[in-house]
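Undergrad: Residue numbers (the working numbering): 3 to 214.
Below you will find the structure I want to go over with you.
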């Protein structure tokens with residue numbers, strides 16, 4: 003992961019503007035994570051039982067569960083074959099939980115939010131960040147545009163040129179979004195601040211953020 007970050011932040015932006023590198027790197031990261039999850043599964047004491055259940059899985063029972071799921075019905079097993087299929091879901095979750103962007107990881111995030119609500123009470127603020135990247139001098143600077151960030155009135159390229167720069171460099175947009183969020187946490191909320199160093203809304207007990 004450190005090497006991928008090094009490539010994406012390379013000075014001449016050759017990896018940032020490459021059409022395939024970010025997708026290939028992310029796919030490799032998913033494959034590596036799923037492989038790691040599968041290896042961890044083999045170290046579990048019940049791996050032999052899991053292997054036997056996979057070999058003896060009833061495909062018709064699995065099809066029935068899938069059909070009920072598509073129909074929006076409750077997925078409660080109605081016989082032993084369906085019960086065996088449901089038992090294997092925890093195995094799939096064990097592997098999928100290590101894969102970034104997977105459905106299982108998103109479900110784990112929902113569980114974390116629920117646990118946080120139980121521990122800290124319901125959230126007081128719901129904040130959505132939607133910065134206009136093609137109008138931001140900082141984002142365009144990340145894209146490689148020659149812009150004086152210290153000037154009071156930065157000279158920006160035309161709207162068409164700005165949109166092309168943004169479309170050609172999604173890494174710059176991600177860096178800009180990350181900068182906006184971290185600046186909000188450090189400057190507005192001042193997470194971890196005490197005394198007079200508290201944030202604009204008072205002391206921050208906890209926060210949770212996700213990216214769509």
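Just so you know, even glycine gets a beta-carbon here, dropped at the ideal spot from N, CA and C.
(1) For residue 146, which of helix, strand or coil comes out of DSSP?
(2) Could you tell me which whole beta strand (DSSP E) segments of length 3 or greater appear in the stretch 114-175?
(3) Buried or exposed for residue 22, please, with buried defined as at least 16 other CB atoms from any protein chain shown within 10 angstroms of its CB.
(4) Mapping the DSSP letters down to three states, classify residue 201 as helix, strand or coil.
(5) Excluding five sequence neighbours on each side, which residues of the same chain lie with their C-beta closer than 7 Å to the C-beta of residue 208?
(6) May I have the straight-line CA-CA distance separating residue 125 from residue 210, to the nearest angstrom?
(7) Excluding sequence positions up to five away, which residues of its chain have a Cβ less than 8 Å from the Cβ of residue 201?
(8) Pull up the distance between the alpha-carbon of residue 145 and that of residue 39, whole angstroms please.
(9) Can you tell me the Cα-Cα spacing of residue 53 and residue 87, whole angstroms?
(10) How is the alpha helix (DSSP H) around residue 65 delimited, first residue to last?
(11) Helix, strand or coil: how does DSSP classify residue 81 here?
(12) With DSSP run on the structure shown, which of helix, strand or coil describes residue 27?
(13) With a cut-off of 8 Å on the beta carbons, I'd call residue 159 and residue 170 a contact; round off their distance for me.
TA: With the structure as the only source:
(1) For the purposes of this step, residue 146 is taken as the residue at position 144 of the chain shown. Three-state DSSP puts residue 146 in coil, outside helix and strand.
(2) none
(3) In the chain shown, counting from the first residue as 1, residue 22 sits at position 20. The residue is exposed, with fewer than 16 neighbouring Cβ atoms inside 10 Å.
(4) Residue mapping note: residue 201 aligns to position 199 of the chain shown, counting from 1. Three-state DSSP puts residue 201 in a strand.
(5) For the purposes of this step, residue 208 is identified with residue 206 of the chain shown, where counting begins at 1. Counting only Cβ-Cβ distances below 7 Å, and skipping sequence neighbours, we find 118 and 122.
(6) In the chain shown, counting from the first residue as 1, residue 125 sits at position 123. In the chain shown, counting from the first residue as 1, residue 210 sits at position 208. Straight-line Cα distance between these residues: approximately 9 Å.
(7) Walking along the chain shown from the start, residue 201 turns up at place 199. Result list for residue 201: 190, 191, 192, 193 and 195, in chain order.
(8) In the chain shown, the residue the question calls residue 145 occupies position 143. In the chain shown, the residue the question calls residue 39 occupies position 37. Roughly 36 Å separates the two Cα atoms.
(9) The sequence position of residue 53 within the chain shown is 51, counting from 1. The sequence position of residue 87 within the chain shown is 85, counting from 1. Cα-Cα distance, rounded: 13 Å.
(10) One-based indexing of the chain shown puts residue 65 at position 63. From DSSP, the alpha helix (DSSP H) with residue 65 extends over 61-72.
(11) Taking the chain shown and counting its residues from 1, one reaches residue 81 at position 79. In this structure, residue 81 counts as coil in the three-state DSSP scheme.
(12) Looking up residue 27 in the chain shown gives position 25. Three-state result, residue 27: helix.
(13) Along the chain shown, read from residue 1 onward, the residue named residue 159 stands at position 157. Along the chain shown, read from residue 1 onward, the residue named residue 170 stands at position 168. In fact, because the Cβ distance is near 13 Å, the residues do not count as touching under 8 Å.
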